[in-house]
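Some notes on the structure that comes next.
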């Protein structure tokens, strides 16, 4: 496991969570543009990145997520 600063940026999530189906152009996931259009993407008191909701920082070790019970440092 490692950490890089770009992993804290919501654009990092867009690399997998923003696409159309390459075989037919049908909508796949558009969660990044949905976030951009939300109040959470506006700098200020309510600003939240993808990571601040889905990858919260913790002081102690714990599971990466509920669906993938692997411990992280």
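In the working numbering, the protein residues as written are 19 to 91.
Each residue gets a CB set at the ideal place from its N, CA and C atoms; glycine is no exception.
Under DSSP, residue 38 forms a beta bridge with 45. Separation of residue 40 and residue 47 (C-alpha to C-alpha, rounded to the nearest whole angstrom) is 12 Å. Within the model, the alpha-carbon separation for residue 24 versus residue 42 is close to 31 Å. For residue 65, same chain residues with a beta-carbon under 7 Å away, outside a window of 5 residues either side, are 58 in chain order. Ranked by Cα distance from residue 51, the options 35, 44, 70 are led by 35.
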